[in-house]
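Peer 1: If you scroll down you'll find the structure; I have some questions about it.
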Amino acid sequence: MTTRDARTHCPYCALQCAMTLSPSVAVGASLDVGGREFPTNRGGLCKKGWTSAELIDSPQRITSPLMRDSRGELVPVSWEEALDAVAGAVRRSRAEHGADSVAVFGGGGLTNEKAYQLGKFARVALGTSRIDYNGRFCMSSAAAAGNRAFGLDRGLPFPLEDLDSASTIMMLGSNVAETMPPFIGHLAAAREAGGLIVVDPRRSPTARLTDDGGGMHVQPTPGSDLILLLGLTHIVIAEGLHDLEYLERRTTGFERVRRSVSSWWPERVQSQTGVPVHQLRAIARRLAQGQGTYILTGRGVEQHADGTDTATAAINLSLVLGLVGSANGGYGTLTGQGNGQGGREHGQKSDQLPGYRKITDARARAHVASVWGVEPASLPGPGVPAVELLQSLGAENGVRCLLVHGSNVVVSAPDVAAVRAGLARLELLVVCDFFLSETGALADVVLPVTQWAEEEGTMTNLEGRVLRRRKAIDPPAGVRSELWILSELAHRLGSAGEFSTEARSVFDELCRASEGGLADYSGLSYDALDDDSAPAYWPFPRGSSGTPRLFADGFAHGDRLARLVAVKAVERHPAAQKDGVVTLITGRLLEHYQSGAQTRRVPELLAAKPEARMQIHPATAELLGIDDGSRVQLSRGEADVHCRAELSLEIRPDTVFLPFHFGGEQSANLLTEQVTDPISGMPEFKRTTVRIRSLDTA
Ligand code: SF4
């Protein structure tokens, strides 16, 4: 029952816009949404946020555990029956095939408390090293690059409001106008100064913000971002625009980077990226003007098999310009998922323990084990990243039981046909969700869970700022919180360690476990977070007041210096554009979030964007006999996607665009491959060669 207004935040993206949930005045609705003043959104919400309360009343919610019956159909069962079945199957698998035959797959939308508890549950209750999460598909390249350069990874190492006074902002591979529209307010000064530079192969709504003197749209060949960044660094150094005093005082590795970019002269970069020399020089000079310059990367440049090196090249450019940690600029990466930042700090990554600690670090293991009440030696070692974990499903010596939380891998993972085949080989697939997602529909057991407005919790937004989510309404009878489910399963498995069901006490434990780590939350508590205006940026060690701006006095490496890391690029050539062969890029729409499992269940959002449409340039469409709205097939090997075409001048003639929010035959990730970045494990999502043809041609 709703009793009073709840001050909370949106259930979707990493901007975590502040909102108020109130008892609804409308018949048939539970909650009304109001925008709330907060530094990131200033009262604004996008249409996803405004319609988010419809998730609560959706008739498609699951309100009872489901299990397969003898006919193979999912039917309602009691919680005891479902949990006993899961615990029994897990026990058998562990006894017959070892602890690593059971795996956990988490999500970047889970609260800090759930992400933390999931990591603890895997290591303590299951004893498995096999845990990873969908953030591997999201932030892993930028995180790896940040850790390598700065010794620490926080998406934005400064408050978002710092952008308000910037005269130049270069955004690479980010479409905030659709993914997080209230963000645009922070670009106003840069646009006013003509200094917004948007790098995107598509003339996206964000790229259009550069029109009318707002700045510059740069439209490189898909996948050539690394070369573009090397070329810009080359020009900055060649024209003497670099900050030598900063480089000598605050960094190491400049000489190696200088040598590594020396062969990327502008004409060569133009031939590889398609970006004209005069535009390359104009960008470099603008970035070096030094009146508040920020370089921001997003998934478009990070979701590649060279994503870590591309993010590293963006960091190198920022360091060469003397921006990072200065009062007058910086580098940041724009986290996408709601808790993409917190989700990677608390232990659901295969190689990490809470506090952003390495699982191989003996001191970290000892500290976390003491908080968990277990022996350090009992904790498993590092597992494997998400794609490798999914490849091992049902394989010999691979995973036999999989528990999925807050993730819809059948839509969001690369090469979803292979993922689907792996899931089918499992002995047990358990999915915790509030809707029957495409992944849930394949499960042996589905456990219905509470939604954001029905529970307490914390999230860490794209600035590294910790926020309270507050309960606004009781959940339907029959659903349970994930904390309760993990506690029940741990109990049934005879686990050591306590598994609290209360978010507040899990948060207190998380804060203790993080103490002394990079992402130190030990000075925080629910009470400290009750005042929403409190700038609760981590690291927030006990007795401190948090850290809104990082790197002002030094970086997190032992010598306090940032690392410039020389990276290499391979030459890129656009798809042949012969016989219907083009480059596919994937991305998002304003109306949908991630796999669409939630937003496709909001009637207004679904009505506005009911299906995937392949964006194609009219000239390419004419060559291939494709009309606007006609049906097309996109193919890679034996994988096909079927959808409708949308003719658009916003896309390059050698490229097509497909949103990835849809499942079934429209799933863009039927076409992406399980090729990954060797450092971060990030799959190659943003550059796939496909063949397209019209299905309506006689
Ligand atoms: Fe804000 Fe993102 Fe929610 Fe839109 S989806 S209201 S931008 S948090």
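Under this note's numbering, the letters of the sequence shown match residues 55 to 752, in that order.
We treat Cβ as the ideally placed atom computed from N, Cα and C, and that holds for glycine.
Does the stretch 148 to 160 come into contact with the stretch 495 to 509, if we say contact requires no fewer than three beta-carbon pairs (one atom in each stretch) closer than 8 Å?
Peer 2: No, they do not touch.
Peer 1: Buried or exposed, going by whether 16 or more other CB atoms sit within 10 Å of the CB of glutamine 171?
Peer 2: Answer is buried; the Cβ neighbour count reaches 16.
Peer 1: In the DSSP output, which residue or residues are listed as bridge partners for isoleucine 670?
Peer 2: Per DSSP, Leu701.
Peer 1: If you measure between the beta carbons of leucine 678 and serine 576, is that distance less than 9 Å?
Peer 2: Result no, Cβ atoms of leucine 678 and serine 576 do not sit closer than 9 Å.
Peer 1: On the DSSP letters alone, give me the boundaries of the alpha helix (DSSP H) that arginine 522 sits inside.
Peer 2: Unbroken run through arginine 522 is the beta strand (DSSP E), 520 to 523; no alpha helix (DSSP H).
Peer 1: What do you reckon, is the C-beta of methionine 193 under 8 Å from a heavy atom of ligand 1?
Peer 2: The answer is no for methionine 193.
Peer 1: For proline 274, which residues from the same chain have a beta carbon less than 7 Å from its beta carbon, with the 5 sequence-adjacent residues on both sides left out?
Peer 2: Cβ within range, chain order: Val253, Pro255, Leu282, Thr327, Gly328 and Val329.
Peer 1: Within the present structure, is the beta-carbon of methionine 234 separated from the nearest heavy atom of ligand 1 by less than 8 Å?
Peer 2: Result yes, Cβ under 8 Å from ligand 1.
Peer 1: Does the Cβ of lysine 102 lie closer than 8 Å to at least one heavy atom of ligand 1?
Peer 2: Yes, the beta carbon of lysine 102 sits closer than 8 Å to at least one heavy atom of ligand 1.
Peer 1: Go to tyrosine 170, then tell me how far its beta strand (DSSP E) extends in each direction, as first and last residue.
Peer 2: Run containing tyrosine 170: none in the beta strand (DSSP E); it sits in the alpha helix (DSSP H), 166 to 174.
Peer 1: Sorted by chain position, which residues of the same chain lie with C-beta nearer than 8 Å to glutamate 625's C-beta, five sequence neighbours on each side aside?
Peer 2: Ile281 and Gln326, listed in sequence order.
Peer 1: Is the stretch 278 to 297 in contact with the stretch 365 to 380, if contact means three or more CB pairs nearer than 8 Å?
Peer 2: With a cut-off of 8 Å, the stretch 365 to 380 and the stretch 278 to 297 count as touching, because enough Cβ pairs lie within range.
Peer 1: Could you please give the first and the last residue of the uninterrupted alpha helix (DSSP H) stretch that includes arginine 61?
Peer 2: No alpha helix (DSSP H) contains arginine 61, which is instead part of the beta strand (DSSP E) from 60 to 63.
Peer 1: Taking only heavy atoms of ligand 1 into account, decide whether any of them is closer than 8 Å to the Cβ of proline 93.
Peer 2: Every heavy atom of ligand 1 is 8 Å or more from the Cβ of proline 93, so no.
Peer 1: For leucine 615, which residues from the same chain have a beta carbon less than 8 Å from its beta carbon, with the 5 sequence-adjacent residues on both sides left out?
Peer 2: Excluding positions up to five away in sequence, the list reads Arg304, Thr305, Thr306, Gly608 and Phe609.
Peer 1: Looking at the strands, I want to know which residues DSSP matches up with alanine 157.
Peer 2: Beta-bridge pairing links alanine 157 to Leu456.
Peer 1: Does the beta carbon of leucine 69 fall short of 8 Å from some heavy atom of ligand 1?
Peer 2: Correct: leucine 69 has its Cβ closer than 8 Å to ligand 1.
Peer 1: Out of Val315, Ser183 and Leu375, point me to the one whose CA is closest to glutamate 299's CA.
Peer 2: Checking every option, the nearest Cα to that of glutamate 299 belongs to Leu375.
Peer 1: Ignoring anything shorter than 4 residues, give me the alpha helix (DSSP H) runs that lie fully in the stretch 220 to 301, in order along the chain.
Peer 2: Segments of the alpha helix (DSSP H) lying fully in the stretch 220 to 301: 230 to 233, 242 to 246 and 279 to 292.
Peer 1: Going by the CB atoms, is the gap between glutamate 481 and serine 195 shorter than 9 Å?
Peer 2: No; because the gap between Cβ atoms is not below 9 Å, this pair is not in contact.
Peer 1: Given a threshold of 16 other Cβ atoms within 10 Å of its Cβ, counted over all protein chains shown, does valine 470 qualify as buried or as exposed?
Peer 2: Label assigned to valine 470: buried.
Peer 1: Cβ of histidine 332 within 8 Å of any heavy atom in ligand 1?
Peer 2: No; taking the cut-off as 8 Å, the Cβ of histidine 332 has no heavy atom of ligand 1 nearer than that.
Peer 1: From valine 467 to glutamine 445, what distance separates their C-alpha atoms?
Peer 2: Sequence check: residue 467 is alanine here, not valine. About 11 Å.
Peer 1: If you draw a straight line from the alpha carbon of leucine 638 to that of leucine 537, how long is it in whole angstroms?
Peer 2: C-alpha separation (whole angstroms): 40 Å.
Peer 1: Give me, in chain order, the residues of the same chain whose beta-carbon lies closer than 7 Å to that of aspartate 682; leave out the 5 immediate sequence neighbours on both sides.
Peer 2: Excluding residues within five positions, the ones whose Cβ falls inside 7 Å are Ala699, Glu700 and Leu701.
Peer 1: Taking the alpha helix (DSSP H) that aspartate 86 falls in, what are its first and last residues?
Peer 2: Not the alpha helix (DSSP H): aspartate 86 falls in the beta strand (DSSP E), residues 85 to 89.
Peer 1: According to DSSP, isoleucine 337 sits in a beta bridge with which residue or residues?
Peer 2: None; isoleucine 337 has no bridge partner.
Peer 1: Do glycine 460 and ligand 1 come close, with the Cβ less than 8 Å from some heavy atom?
Peer 2: The answer is no for glycine 460.
Peer 1: What residues in its chain sit with their C-beta under 7 Å from that of alanine 606, if we drop five residues either side in the sequence?
Peer 2: Taken in chain order, the residues that qualify are Gly379.
Peer 1: Consider the C-beta atom of glycine 392 and the heavy atoms of ligand 1; say whether any pair is separated by less than 8 Å.
Peer 2: Because some heavy atom of ligand 1 lies under 8 Å away, the Cβ of glycine 392 counts as near it: yes.
Peer 1: Between which two residues does the beta strand (DSSP E) carrying threonine 743 extend?
Peer 2: From DSSP, the beta strand (DSSP E) with threonine 743 extends over 742 to 748.
Peer 1: How would you write the range of the alpha helix (DSSP H) that cysteine 565 sits in, first residue to last?
Peer 2: Segment 557 to 568, the alpha helix (DSSP H) holding cysteine 565.
Peer 1: Sorted by chain position, which residues of the same chain lie with C-beta nearer than 8 Å to alanine 336's C-beta, five sequence neighbours on each side aside?
Peer 2: Cβ neighbours of alanine 336 beyond the five flanking positions: Met270.
Peer 1: How many Å lie between threonine 362 and proline 113 at the Cα?
Peer 2: So the two alpha carbons sit approximately 42 Å from each other.
Peer 1: Take serine 78 as the anchor and find which of Gln70, Arg96 and Ser106 has the nearest alpha-carbon.
Peer 2: Minimum Cα distance to serine 78 is reached at Ser106.
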